[in-house]
Structure formats: C-alpha cells, structure tokens
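Here is the structure we will look at.
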Amino acid sequence: MRSVTVKTRCETFMGVRRMDTHSTTGSNQQIGGADSIAWIKLSSIFLPLKTPISDAKVLTGRQKPLTEVAFLFAEIETRQGHSGIGFSYSKRAGGPGQYEHAKEIAEVLIGEDPNDIGKLWNKLCWAGASVGRSGLAIQAIAAFDVALWDLKAKRAGLPLAKLLGAHRNSVRCYNTSGGFLSSPIEEVLENVEQSVAAGIGGIKIKVGHPDMNVDLKRVAAVHDRIGGRAAMMVDANQQWDRPSAMRFGRLMEPYNLTWIEEPLDAYDVEGHAALAAQLDTPIATGEMLASVLEHASLIQNNSVDFIQPDAPRVGGITQFLKICALAEAKKLQLAPHFAMEIHLHLAAAYELESWVEHFDWLDPLFNERLEIKDGRMAVPTRPGLGITLSEQAHHWTRGTAEFGKRA
Ligand SMILES: [Mg+2]
Numbered sequence: 003m004r005s006v007t008v009k010t011r012c013e014t015f016m017g018v019r020r021m022d023t024h025s026t027t028g029s030n031q032q033i034g035g036a037d038s039i040a041w042i043k044l045s046s047i048f049l050p051l052k053t054p055i056s057d058a059k060v061l062t063g064r065q066k067p068l069t070e071v072a073f074l075f076a077e078i079e080t081r082q083g084h085s086g087i088g089f090s091y092s093k094r095a096g097g098p099g100q101y102e103h104a105k106e107i108a109e110v111l112i113g114e115d116p117n118d119i120g121k122l123w124n125k126l127c128w129a130g131a132s133v134g135r136s137g138l139a140i141q142a143i144a145a146f147d148v149a150l151w152d153l154k155a156k157r158a159g160l161p162l163a164k165l166l167g168a169h170r171n172s173v174r175c176y177n178t179s180g181g182f183l184s185s186p187i188e189e190v191l192e193n194v195e196q197s198v199a200a201g202i203g204g205i206k207i208k209v210g211h212p213d214m215n216v217d218l219k220r221v222a223a224v225h226d227r228i229g230g231r232a233a234m235m236v237d238a239n240q241q242w243d244r245p246s247a248m249r250f251g252r253l254m255e256p257y258n259l260t261w262i263e264e265p266l267d268a269y270d271v272e273g274h275a276a277l278a279a280q281l282d283t284p285i286a287t288g289e290m291l292a293s294v295l296e297h298a299s300l301i302q303n304n305s306v307d308f309i310q311p312d313a314p315r316v317g318g319i320t321q322f323l324k325i326c327a328l329a330e331a332k333k334l335q336l337a338p339h340f341a342m343e344i345h346l347h348l349a350a351a352y353e354l355e356s357w358v359e360h361f362d363w364l365d366p367l368f369n370e371r372l373e374i375k376d377g378r379m380a381v382p383t384r385p386g387l388g389i390t391l392s393e394q395a396h397h398w399t400r401g402t403a404e405f406g407k408r409a
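Just so you know, we're using this note's numbering here: the sequence shown kicks off at 3 and counts up by one.
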C-alpha cells in the first residue's frame, strides 16, 4: 500500500528535537505525539449514607443494612500534563481489598503511553494474574481504566460519550433510591411525587419481601400513585426461587412494568432464560456479575431483555464496551447499574435507547451535578467524564498512595 504523507513538522519538546510524520496510510503515524504516564494517585474514600439502606437481601438475613460505600479513586497525569480521574467502588466489604490490590499493581503503568488502554488493562491484569480475571482483582483495575478513558476524552476535548461515538445527547433516567424496602410506603409514595416533579422518567421500587403480599400491596400503591406519569420497574435483588419468581412475574403482567430486575440468583442463567421466555414483562439482571465472560453467558443463553452491567464491577469501561458489543448483536436493551457519572456516557453510546439509574448518593463526592429534564439525563458537555473531586471527598479520604513523579 502506498503511503501518502499529508503533514510533516519538526518541534522541540522537553529539549528533544523530534519529527512527526503524519501519514494517511503508512504504518509510521505519530498523530498526537508520544506521551507517557508520569504520576498516579490512589485514594480510598468512604462515603457515608444519610440513612442505613435495606433491600431484600437484608430482610432475608443475608446482608446487613448498607451504611457507607467504599470508593477507590485513581488520578493519572502524563508527562505532557494531561490528566484523568476514575473510580471503582464496593459495598459492605471489599473496599480496602480493592485499594490494596491497586497499590500493588499501579507501578506497572508508569512510563506507559496512556492511549494504549487495551494493552494497559492486560498489563494490570497480568500484574495480578494469580488472583484471577474477575471480581475484586479487576475491580481494582477499573479505577485505572476509567481514569485512562477520562484522560483520553479530555485530551480530545470531547465528552466521553462523544469520544466513544454517541447515539444521543441525553438518556432516559429512573430512580431507585426512593423505593427501598426499609422505607415505609408513605415515604415511598412521597418520593414518587418528588421524583416526578424532578423530571425523572421512571420509578423503581424494591420487592422480594419475605411475605409476597407486602410486595403486591406496595406495587399496587406505587403504580396508582405514578398514574402513568413515569415508567415503573421492580427489583427483587435475587431473593426468589424459580417458582416464586414465575408466580410473581405473572401477577405483575397487568402493571405493564418496564422490567422485573434480579428475580433470581444472579448466576441462574437457565432460570432467567425461562422467565424471559414465558413472561411478557421484560427481565433485567447483570449488576452482580464481575466479568465479561459472566455477562456473555447471560447474553448467549437469552436470559435477559435488559442487560445491566456495572463498569466498575466488570473491570472498567474497556470491559463494559465488550459486553455492549455482545448485547448489541442480540438487540438487547441496556440499563447499567449504579455509578451514573460513568454510565451516562456509556448508555449514550449504546445503539438502542437505554436507561441510566439515578442515584444522588455520589453527589457529595463531586463538584458537578447532572441535569435532568423531561425524564432524561443530559450528557455533560464538559470533556471526559466531566467530574472533579469535591473538598468533602478529600475530607472522607482514609488513605492515599502516589506513584511516579508529577511532571
Ligand atoms: Mg438492582
């Protein structure tokens, strides 16, 4: 193939004279110039919640109420002064483990080209290969991966959604935080009003109470209160067996729900497939899965109508995009779990119209707020993810570690 040179320039950078030859077809492209990762800062931040949170996993005795969320933040800077920020998180346990694992592997990124995100994900994975390619090990990698994508988008001067190739400038959003099982029904109904007034497009409530009649009454009351002003979903957090899920699903058909979430154990691929085949109401799951391969199993076995990956839980944006490619090929709908600050960009870049989960829990960590209007969340026009850490976040920081040197 003949190489066509379109631009040649000489420049001096940090005392080194370099010639860049930009070619449309040759293999010697140097567009963007060489850069390398100079400095990384990891922070372990614990976000307290205003009130302890309970879903069905608590009412069935499997977990304690949630009182805080552990975050692992990674800040990366390059020799040329570009920067990115990313995060991973854990609920109840695992946060200190993510932070410790990240500290052990961070050094391998120093000196690397921040553009080579796929290569760097593999390098981080190999650095901790003996602890596997799913779960906590890759959730530690997620913080670096998200920071590298943020850096790349900032460097391009684009919101992350635009860098990835956006299909839309806003995404339908729904609210979960008003419908926990720990909230009395009067409070849930008041939260419905507040969410609708705030322009949120869907209301999700928790079900999976040990007494199914409690669920049925709450669903009926919330459905009546919404009165068609917003979409409605329910989330059982994996607390039913197969017969209970099928029975509940059939009772839900008249409500025209947008989806039933996590009716079964997160790894029950066959059980979810049976529900998806036999119920009109769409089935959603995937938030608890911790790798691309685990999601691939759900997708290949027709277990879901809505796939619900969580970028920090599956190892970051690089892995999330692989799940999206598999899901798009099956024409599945997408409703990422939690972390709207990341997932808004990823949902905007998904081919089919998606839903993003509105949680205001993380608001105190960041200086910026996401705009909601007419049932949709607007993709920020700021470059990258469009987030910066607040002073409050620094106040909640329990540990930091730095690698390399700031340029
Ligand atoms: Mg859920």
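Built from N, CA and C at the ideal position, the CB exists for glycine as well.
query: Taking the Cβ atom as the reference point for each residue, do A351 and A163 lie within a distance shorter than 8 Å?; result: yes
query: Taking the C-alpha atoms as reference points, what is the distance between P67 and S56?; result: 5 Å
query: Buried or exposed: which applies to R400, given that a residue is buried once 16 or more other Cβ atoms fall within 10 Å of its Cβ?; result: exposed
query: Span of the alpha helix (DSSP H) holding Y352?; result: Per DSSP, Y352 belongs to no alpha helix (DSSP H) and is neither H nor E.
query: With distances taken between CB atoms, is the gap from V306 to G317 smaller than 8 Å?; result: no
query: Which full runs of the beta strand (DSSP E) of 3+ residues lie inside the region 46-95, going along the chain?; result: 68-80, 85-93
query: Taking the Cβ atom as the reference point for each residue, do T80 and I39 lie within a distance shorter than 8 Å?; result: yes
query: Going by C-alpha to C-alpha distance, which of H169, A275, W41 sits closest to E109?; result: W41
query: Leaving out the 5 sequence neighbours to the left and right, which residues in its chain are closer than 6 Å to N369 when beta-carbon positions are compared?; result: T390, S392
query: At a threshold of 7 Å, does D267 count as lining ligand 2 (C-beta to nearest heavy atom)?; result: For the structure depicted, ligand 2 is absent and the ligand set comprises only ligand 1.
query: In three-state terms, what does DSSP make of E114?; result: coil
query: Just grab the DSSP bridge partners of C175 for me.; result: V358
query: Helix, strand or coil: which one does DSSP assign to A168?; result: coil
query: Going by the C-beta, is H397 closer than 7 Å to any heavy atom of ligand 1?; result: no
query: Between the alpha carbons of P314 and H211, how many angstroms are there, rounded?; result: 28 Å
query: Among G88, P284, P161, which residue has its Cα nearest to the Cα of A337?; result: P284
query: Judging by CA-CA distance, which residue of D118, P382, R384 is the nearest neighbour of A36?; result: D118
query: Cβ of K93 within 8 Å of Cβ of V71?; result: yes
query: Identify the continuous beta strand (DSSP E) that holds R400 and give its terminal residues.; result: 399-406
query: Could you check if D237 belongs to the surroundings of ligand 1, using beta carbon to heavy atom distance under 7 Å?; result: yes
query: If you draw a straight line from the C-alpha of L348 to the C-alpha of R378, how long is it?; result: 15 Å
query: Using the beta-carbon count (16 or more within 10 Å), is G167 buried or exposed?; result: exposed
query: If we count the other Cβ atoms within 10 Å of its Cβ and call it buried at 16 or more, is E189 buried or exposed?; result: exposed
query: Evaluate contact between the region 195-208 and the region 138-152, counting only Cβ atoms and requiring at least three cross-stretch pairs below 8 Å.; result: no
query: Of all the options M214, A222, A104, which has the alpha carbon lying nearest to the alpha carbon of G88?; result: A104
query: Which of the three DSSP states is assigned to I207 in this structure?; result: strand
query: Straight-line CA distance for R135 to C127?; result: 7 Å
query: Where do the ends of the alpha helix (DSSP H) carrying I389 lie?; result: Taken as a continuous stretch (DSSP letters only), I389 belongs to no alpha helix (DSSP H), as it is neither H nor E.
query: Return helix, strand or coil for W261, following the three-state DSSP convention.; result: strand
query: Taking only three categories from DSSP, how would you classify V198?; result: helix
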